[in-house]
Amino acid sequence: MNAPKLDYALLAPILIILGGALIGVLVEAFLSKTRRAGVQLVISFVTLTAALVQVIRIRRSGSSGAAVLSVSIDAAGIFIQGTILVLSLVALLLIADTDNFTAQASAIPGSSQESVAIQAGKQQTEVFPLTLFAIAGMLLFPVATDLVTLFVALEMLSLPLYLMAGLSRRRRLLSQEAALKYFLLGAFSSAFFLMGSAFLYGYSGTLTLNGIASAIHTSGNNNVFLLIGIAFVSVGLLFKVGAVPFHNWTPDVYQGSPTPITGFMAACTKAAAFGATLRIFYVALDGAQWSWKPLISVIAVITMLFGAIAAWSQRDVKRMLAYSSIAHAGFILTAVVSLNSHALSGALFYFVVYGFATIGAFGIVTLVRDSSGEVGDVNRWIGLGKKAPLTASTYSLFLLSFGGIPLTAGFIGKFAVFSAAYESGNIYLTVAGVLSSAIAIFFYLRVVVMLFFQNPESDSVSVVIPSVMTRIAISICALATIILGLFPSLLLNAADSFALFTR
Amino acid sequence: MDISNYLYLSAALFTIGAVGVVVRRNAIVVFMCVELMLNAANLAFVTFSRLNGNLDGQVASFFTMVVAACEVVIGLAIIVTIFRSRRSASVDDASLLKR
Numbered sequence: 000m001n002a003p004k005l006d007y008a009l010l011a012p013i014l015i016i017l018g019g020a021l022i023g024v025l026v027e028a029f030l031s032k033t034r035r036a037g038v039q040l041v042i043s044f045v046t047l048t049a050a051l052v053q054v055i056r057i058r059r060s061g062s063s064g065a066a067v068l069s070v071s072i073d074a075a076g077i078f079i080q081g082t083i084l085v086l087s088l089v090a091l092l093l094i095a096d097t098d099n100f101t102a103q104a105s106a107i108p109g110s111s112q113e114s115v116a117i118q119a120g121k122q123q124t125e126v127f128p129l130t131l132f133a134i135a136g137m138l139l140f141p142v143a144t145d146l147v148t149l150f151v152a153l154e155m156l157s158l159p160l161y162l163m164a165g166l167s168r169r170r171r172l173l174s175q176e177a178a179l180k181y182f183l184l185g186a187f188s189s190a191f192f193l194m195g196s197a198f199l200y201g202y203s204g205t206l207t208l209n210g211i212a213s214a215i216h217t218s219g220n221n222n223v224f225l226l227i228g229i230a231f232v233s234v235g236l237l238f239k240v241g242a243v244p245f246h247n248w249t250p251d252v253y254q255g256s257p258t259p260i261t262g263f264m265a266a267c268t269k270a271a272a273f274g275a276t277l278r279i280f281y282v283a284l285d286g287a288q289w290s291w292k293p294l295i296s297v298i299a300v301i302t303m304l305f306g307a308i309a310a311w312s313q314r315d316v317k318r319m320l321a322y323s324s325i326a327h328a329g330f331i332l333t334a335v336v337s338l339n340s341h342a343l344s345g346a347l348f349y350f351v352v353y354g355f356a357t358i359g360a361f362g363i364v365t366l367v368r369d370s371s372g373e374v375g376d377v378n379r380w381i382g383l384g385k386k387a388p389l390t391a392s393t394y395s396l397f398l399l400s401f402g403g404i405p406l407t408a409g410f411i412g413k414f415a416v417f418s419a420a421y422e423s424g425n426i427y428l429t430v431a432g433v434l435s436s437a438i439a440i441f442f443y444l445r446v447v448v449m450l451f452f453q454n455p456e457s458d459s460v461s462v463v464i465p466s467v468m469t470r471i472a473i474s475i476c477a478l479a480t481i482i483l484g485l486f487p488s489l490l491l492n493a494a495d496s497f498a499l500f501t502r
Numbered sequence: 000m001d002i003s004n005y006l007y008l009s010a011a012l013f014t015i016g017a018v019g020v021v022v023r024r025n026a027i028v029v030f031m032c033v034e035l036m037l038n039a040a041n042l043a044f045v046t047f048s049r050l051n052g053n054l055d056g057q058v059a060s061f062f063t064m065v066v067a068a069c070e071v072v073i074g075l076a077i078i079v080t081i082f083r084s085r086r087s088a089s090v091d092d093a094s095l096l097k098r
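First to last, the sequence lines map onto chains A and B.
So for the first sequence, numbering that gives the first Met the number 0 puts the first residue at 0; every next one is plus one.
So for the second sequence, numbering that gives the first Met the number 0 puts the first residue at 0; every next one is plus one.
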């Protein structure tokens, strides 16, 4: 019997991140509390950069057999991994501001134990290794090509996020509640994903995506096991991307989590989960498209319309961004339904664009505060443009990019996705997409008007001076949004050349 | 015995778990129901493994067990923390996050 052959160069990005996370755990256990934050930050940066360098080095040498039949580091997989690493690096700059995280997660909120920990400056920094573990899962999820690896990667990225959602320093009850909701609903949806995997296995007799594709090819697709499998796996995936019947967790979790974590999970989880969704539907279930395409199309339309409309009635800034992220999930779902390489490259471009704007927007949310912490109420943001023109205009830039105003990157992303949908003959999807974009644009413009053209009601809100790293993170996001809007071909060409799943 | 009976049992367990998640109010019980769903999937994996005549499904069920164990660690940590802060593990009490 031969030992399985592993291609370590291709797997290196994931392994580097896992190694860094383990070192982070050791640092957390053995280093004195005063020096931890700095050391952890350096470790996280070094590992993420090393992994990114390795991803760039292997960019042209992808292979579908990196780990026997379980992992396929192909062109699209490499692009998604690169995207996730770049976005994580930017998000890490926000996470580096440990002021946002509770000093001791196990202490009861408001207890003397907690205040002692805060006064002594005993900041625990477990958030860094947790972030790295989550990133390792995110890197594995879009390149996994068998159902077990997919499930393990899904849990690997979710479990650290459940904990990170509960680490907020202020409004800790809310944060813990977000962690509980995220955990229970996340575990619920993973169970659906697993049951679906079991039925796909029962149908095809194999766990690999290629095997499922060839089973659909040879034995026909009108099989109850296959249909149950597709339905249940879709539920699990649609939950992770936050599509409409399964979106309920999104606003609560986005609102309750510490804001840097919200930015990180909104941007990176979405890229990873959509990467895996695209791979499963493009590679494994392509042959059975008549059975899932109508349903996923309907879900895409409902998701974008619901996200755009529900955002109107929100009073909280983070909930508003959450509903906007639901709408964006709908836009990217059109790429899943389109099933062509233009749609795939559009989706790849969209991940980058949406990710930068999201991290930037949540970065701004961390800056607008009163004495008790971040100000969530939208009405108290009124007139912010007069107090802090730069912050308000950067925030407006991100909102306009979300809305898809020309000359911002968001416009190009939407154009790429919708034109691919039109090309593949799903004209109603294009119409619904443009319609819900229009609804969303009015909503985003309303916020911009509130920021600049209305007089402030209260004076207790102020914009804190951002730390150097937060400033760098927001600047990178703003620059990327502008540059990719003015010169989209820089990235569009790359996305085009990487838009391929190796079967 | 007809092997499809195992699938019916698996489907029944999964349904009991799913209904339990929706109707029960205690976080621990909800969590137990999720575990029941995972184990129902395990039973389906093993049954299909027998039906298909290969061992992939049995291997998958081992992975599921390990993942479920990790989930217990994370889940109980979250539930215990929330119980200590509000002296209740009821899902209904956790309703601060409303619009």
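In this text, a Cβ means the ideal position worked out from N, Cα and C, and glycines have one as well.
Computed from a prediction, not measured in an experiment: that's the story for all the values here.
At least one CB of chain B closer than 7 Å to the CB of residue i: is that the case?
i: Pro3/A; result: no
i: Ile16/A; result: no
i: Val147/A; result: yes
i: Tyr322/A; result: no
i: Phe497/A; result: no
i: Phe140/A; result: no
i: Met194/A; result: yes
i: Ala106/A; result: no
i: Gln175/A; result: yes
i: Ala152/A; result: no
i: Ala186/A; result: yes
i: Leu160/A; result: no
Under 7 Å, Cβ to Cβ, is there at least one residue of chain A near residue i?
i: Val28/B; result: no
i: Arg83/B; result: yes
i: Ile77/B; result: yes
i: Asn51/B; result: yes
i: Ile2/B; result: no
i: Thr14/B; result: no
i: Phe61/B; result: no
i: Met31/B; result: no
i: Asp55/B; result: yes
i: Leu37/B; result: yes
i: Val66/B; result: yes
i: Gly110/B; result: Nothing about residue 110/B can be read from this structure; chain B reaches only from 0 to 98.
Going along the chain, which residues of its own chain have a beta-carbon closer than 6 Å to the beta-carbon of residue i, five neighbours each way excluded?
i: Asn4/B; result: none
i: Met137/A; result: Ile83, Leu156, Cys267 and Ala271
Excluding sequence positions up to five away, which residues of its chain have a Cβ less than 7 Å from the Cβ of residue i?
i: Phe182/A; result: Tyr161
i: Ala346/A; result: Phe273, Leu277, Ile331, Ala334 and Val416
i: Arg98/B; result: Residue confidence is low: Arg98/B scores 45 on pLDDT, short of 50, so the model does not pin down where it sits. No coordinate-derived value is stated.
i: Leu485/A; result: Leu406
i: Val433/A; result: Phe417
i: Ser60/B; result: Asn41, Phe44 and Val45
Along the beta strand (DSSP E) that carries residue i, what are the first and last residues, could you check?
i: Ser233/A; result: Counting along the chain, Ser233/A falls outside any beta strand (DSSP E), though it belongs to the alpha helix (DSSP H) covering Val223 to Val240.
i: Gly329/A; result: Careful: Gly329/A lies outside any beta strand (DSSP E), inside the alpha helix (DSSP H) at Val316 to Ser337.
i: Val367/A; result: Val367 to Asp369
i: Ala66/A; result: Ser62 to Ala66
On the premise that residue j lies in contact with residue i, defined as a C-beta separation below 8 Å, what is that separation, rounded to the nearest angstrom?
i: Val65/B; j: Phe187/A; result: The pair is not a contact, with the Cβ atoms about 19 Å apart (cut-off 8 Å).
i: Leu146/A; j: Gly19/A; result: Going by Cβ atoms, the distance from Leu146/A to Gly19/A rounds to 28 Å, so no, they are not a contact pair.
i: Ser337/A; j: Gly241/A; result: At roughly 20 Å, the Cβ-Cβ gap does not stay under 8 Å, so Ser337/A and Gly241/A are not in contact.
i: Asn41/B; j: Gly204/A; result: Rounded, the Cβ-Cβ distance is 18 Å, inconsistent with contact.
i: Gln123/A; j: Ala104/A; result: 7 Å
i: Gly89/A; j: Leu51/A; result: Contrary to the premise, residue 89/A reads as Val rather than Gly in this sequence. About 12 Å separates the two Cβ atoms, so there is no contact after all.
i: Leu156/A; j: Ala133/A; result: 5 Å
i: Leu237/A; j: Ile301/A; result: Contact flag wrong, Cβ pair sits at about 11 Å.
For the alpha helix (DSSP H) holding residue i, just list the boundary residues, first then last.
i: Arg56/A; result: Lys32 to Arg56
i: Pro424/A; result: A quick correction: the sequence has Gly, not Pro, at residue 424/A. Here Gly424/A belongs to no alpha helix (DSSP H), and DSSP marks it neither H nor E.
i: Gly306/A; result: Gln288 to Ala309
i: Ala243/A; result: Before going further, note that residue 243/A is Val rather than Ala in the sequence given. No alpha helix (DSSP H) contains Val243/A, which DSSP labels as neither H nor E.
i: Ala214/A; result: Leu208 to Ser218
i: Ser71/A; result: Where Ser71/A is concerned, there is no enclosing alpha helix (DSSP H), although the beta strand (DSSP E) it sits in stretches over Val70 to Ile72.
i: Gly19/B; result: Ser3 to Val22
Whose C-beta lies closer than 8 Å to the C-beta of residue i among residues of the same chain, with five residues either side of it excluded?
i: Gly76/A; result: Gly61, Pro141, Val142, Gly274, Arg278 and Phe500
i: Ile78/B; result: Ala26, Ile27, Phe30 and Ala88
i: Ser371/A; result: Arg169
i: Val45/A; result: Gly19
* Between the region 28-42 of chain A and the region 60-74 of chain A, do at least 3 Cβ pairs fall closer than 8 Å? -> no
* Asked: Do the region 41-61 of chain A and the region 1-14 of chain A make contact, defined as three or more Cβ pairs closer than 8 Å?
  -> yes
* Any chance the region 283-296 of chain A sits against the region 220-233 of chain A, with 3 or more Cβ pairs inside 8 Å? -> yes
* How about the region 191-203 of chain A and the region 293-310 of chain A: do they share at least three Cβ pairs that are nearer than 8 Å? -> no
* Contact between the region 408-415 of chain A and the region 361-378 of chain A (3+ Cβ pairs under 8 Å) -> no
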